[in-house]
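For reference, the structure is listed below as structure tokens.
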Amino acid sequence: MNGLVCQVSALNGAGNKKIALVTGGNKGIGFEICRILGSPQNNILVILGARDTNRGNEACNKLKQQGIDAIFRELEVSDVNSVKNCAAWIQDNFGHLDILVNNAGIFYKTGPLSKEVARHTMDVNFYGTLYCCQYFVPLLREGGRVVNMSSRMALFARLSPTLFKKLTKQDLTIPELCELMESFIRSVENGRVKEDGWFRHSYGVSKVGVVCLTRILARDEKRQDILINCCCPGFVRTDMTAPNAEKSPEEGADTPVWLALLPKGGPTGKFFGERKELDIRTNFPAPRLQLSKL
0 MNGLVCQVSA
10 LNGAGNKKIA
20 LVTGGNKGIG
30 FEICRILGSP
40 QNNILVILGA
50 RDTNRGNEAC
60 NKLKQQGIDA
70 IFRELEVSDV
80 NSVKNCAAWI
90 QDNFGHLDIL
100 VNNAGIFYKT
110 GPLSKEVARH
120 TMDVNFYGTL
130 YCCQYFVPLL
140 REGGRVVNMS
150 SRMALFARLS
160 PTLFKKLTKQ
170 DLTIPELCEL
180 MESFIRSVEN
190 GRVKEDGWFR
200 HSYGVSKVGV
210 VCLTRILARD
220 EKRQDILINC
230 CCPGFVRTDM
240 TAPNAEKSPE
250 EGADTPVWLA
260 LLPKGGPTGK
270 FFGERKELDI
280 RTNFPAPRLQ
290 LSKL
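Numbering follows numbering that gives the first Met the number 0, in which position 140 of the sequence shown is assigned residue number 139; successive positions increment by one, without gaps.
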């Protein structure tokens with residue numbers, strides 16, 4: 000089955016199913032989230048978003064072969080025009096969304112911390128999540144769910160007290176948060192990461208941004224029963240981590256799927272791991288991850 004047939008059959012079969020969009024859905028945790036959400040008992044049509052058309056269509060076809068109602072849509076989360084086009088396509092074809100899982104992300108395993116690494120990491124992990132929330136969350140119907148992928152590397156205890164206070168203030172706005180993320184990139188460029196109170200991992204800082212963004216979005220959401228949360232999937236065996244990681248992609252998908260299917264009255268604006276809330280104000284254990292071995 001080619002990509003076009005995959006799309007047409009899914010569009011024709013949407014019916015009364017819920018509509019879920021999973022970014023970065025062509026492999027790893029994202030693919031497993033698509034597979035589990037799209038299981039027949041959930042009655043969900045899954046839109047698999049990915050930047051690579053060939054890999055996206057291949058993943059979509061694998062899901063179809065397993066009886067999953069899936070459709071591929073090209074999506075580069077760091078490109079606001081790509082996100083806008085995808086949102087317009089969803090509006091035109093379905094009229095709404097029910098579930099948004101912002102799974103797409105990038106992690107540089109090796110090499111020095113440079114402005115280029117910090118910029119690219121922030122553009123994909125933080126701004127990509129922000130763009131998707133800005134354009135897809137308005138499409139959510141009542142009962143909609145948003146799951147943003149973060150990490151236990153988002154340890155506020157590693158930040159200076161000044162940055163900690165700024166990032167955790169109750170009335171933090173999205174423009175203020177964006178400026179803080181930009182200030183990290185400037186610190187990298189100027190060689191002042193430690194002096195300015197940051198820690199030396201652009202991935203971790205970008206995921207701090209995701210935790211804060213999730214809290215802001217949940218606080219400001221006025222519609223009924225829209226739940227917006229973020230989570231750490233754990234140390235998962237993917238091409239972004241290491242082959243000896245403790246979890247399989249299927250195991251890593253457990254908490255994101257759980258959040259995507261939360262019942263009415265569930266939590267919102269929270270950070271979870273292993274289906275348990277993580278308190279970002281305390282120095283909870285970091286994952287068993289040795290960056291030097293990645």
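Note that CB positions come from ideal geometry on N, CA and C, so glycine has one too.
Report back the beta-carbon spacing between C211 and L260 to the nearest angstrom; my notes put them in contact at under 8 Å. With 8 Å as the limit, C211 and L260 do not qualify as a contact, their Cβ atoms being about 25 Å apart.
What three-state label does DSSP hand R236 in the structure shown? coil
Which partner residues does T213 have in the DSSP bridge list? DSSP lists no partner for T213.
Beta-carbon within less than 7 Å of A86's beta-carbon, same chain only, minus the 5 sequence neighbours each way: which residues are those? Y134, F135 and L138
From T52 to E194, what distance separates their C-alpha atoms? 43 Å
Pairwise C-alpha distance: F125 and S77: 9 Å
Chain-order list of residues whose beta-carbon lies under 8 Å from that of K246 (same chain, five-residue window excluded): P232, G233, F234, V235 and R236
Which of the three DSSP states is assigned to A87 in this structure? helix
Apply the 10 Å Cβ neighbour rule to R274 and answer buried if 16 or more other Cβ atoms are within range, or exposed otherwise. exposed
Selection from G265, L20, M180 and P248 that minimises the alpha carbon distance to Q297: There is simply no residue 297 to check, as the chain begins at 0 and stops at 293 in what is shown.
Using only the alpha-carbon positions, how far apart do K26 and N84 sit? 22 Å
With DSSP collapsed to three states, give me the class of R274. coil
Rounded C-beta distance between V256 and I35? I'm assuming under 8 Å. The Cβ separation is near 5 Å, so the contact holds.
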